[in-house]
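Asker:
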Amino acid sequence: MEFTRLAKLTRTKPDSDDPVNPRTISIECITKFKATIHLSNNSLALVWTPDGARLLSAGSYFDPTIREWDTSTWRRVGDPWRGHTDKINALAVNSTGTLLASTSSDKHVRLWRLSDRQTIAIFTTAVEVQCVAFSIDGKRILSGGQDKKISEWVVPKHALKDQVSEVCSHSC
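At position 67 of the sequence shown (counting the first as 1) the number is 66 in numbering that gives the first Met the number 0, and the numbers step up by one without a gap.
1) At the level of alpha carbons, what is the spacing between Ala34 and Glu67?
2) Would you please state the rounded distance, in angstroms, between the beta carbons of Thr84 and Pro63? I believe it to be under 8 Å.
3) Taking only beta-carbon positions, decide if His83 is within less than 8 Å of chain B.
4) When you compare the stretch 146-156 with the stretch 117-126, are there three or more beta-carbon pairs, one atom per stretch, that lie closer than 8 Å?
5) Are there any heavy atoms of the ligand HEM lying less than 7 Å away from the beta-carbon of Arg109, as far as the coordinates show?
6) Below 8 Å, can you find three or more Cβ-Cβ pairs linking the stretch 71-78 to the stretch 98-106?
7) Go through its chain and collect everything with a Cβ distance to Trp111's Cβ below 6 Å, but skip five positions before and after it.
8) Measuring only the C-alpha atoms, how far is Asp115 from Lys156?
9) Between Asp69 and Arg53, which are expected to be in contact by the criterion C-beta below 8 Å, what is the C-beta distance as a whole number of angstroms?
10) Who are the Cβ neighbours of Val46 in its own chain at under 7 Å, not counting the five residues just before and after it?
11) From Ser71, Tyr60, Asp50 and Ser94, pick the residue whose C-alpha is nearest to that of Ala132; which is it?
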């Protein structure tokens, strides 16, 4: 899925009319981030919302915030999201685009509601958390840390209820 979203910024083209072969494909830059989008040199994570309308970026030890970008204008949306106290290592958005999970070297997995940027759950680990993903059904968060183990976290029921009502308000 990330590659599909990335294709909005880059596209591949065969170097000849021959059938596509991975060795003969080059990448052509379509968009460059301009001054309107500031990613620090230490931005560690990027994730698209499922509809492609937003890009979220996460910062370093010196700037442990999450920023939201409008992909039609490449301008930042609102103030940075604050909560982590150390570098943010990974971001994941659920399949409905209503929840964001973030992991950090502060040993926390945070669950955020995208609509109002509020933290709705914090899961504590014993080690730095390096990666994160939602389960297919969106009811669990999986994270991996420096202990080389995968942890499973249950998304609180109230977050799932919020998700259903938010999706319904947009499509019902």
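The beta carbon of each residue, even a glycine, is placed where N, CA and C say it ideally should be.
Note that the structure is a prediction, hence the values are computed from the model and not measured.
Answerer: Reading it off the structure:
1) Any reading at Ala34 must be qualified, since the residue scores a pLDDT of 35, below 50, and its modelled position is unreliable; the value itself is stated next. Going by the C-alpha atoms only, they are around 15 Å apart.
2) About 6 Å separates the two Cβ atoms, so the contact holds.
3) Among the protein chains of the structure shown there is no chain B, as only one such chain exists.
4) They touch, by the three-pair rule.
5) The ligand HEM is absent from the structure shown, which contains no ligand whatsoever.
6) The stretch 98-106 and the stretch 71-78 do not touch, with fewer than three beta-carbon pairs separated by less than 8 Å.
7) In chain order, Leu99 and Thr118 place their CB closer than 6 Å to the CB of Trp111, counting only its own chain and leaving out the 5 sequence neighbours on each side.
8) Approximately 18 Å, taken between the alpha carbons.
9) About 7 Å separates the beta carbons of Asp69 and Arg53, which is inside the 8 Å limit, making them a contact pair.
10) Cβ-Cβ distances below 7 Å link Val46 to Leu55, Leu90, Ala91 and Val92 in the same chain, with the five nearest sequence neighbours on each side left out; the list follows chain order.
11) Of Ser71, Tyr60, Asp50 and Ser94, the smallest CA-CA separation from Ala132 is found for Ser94.
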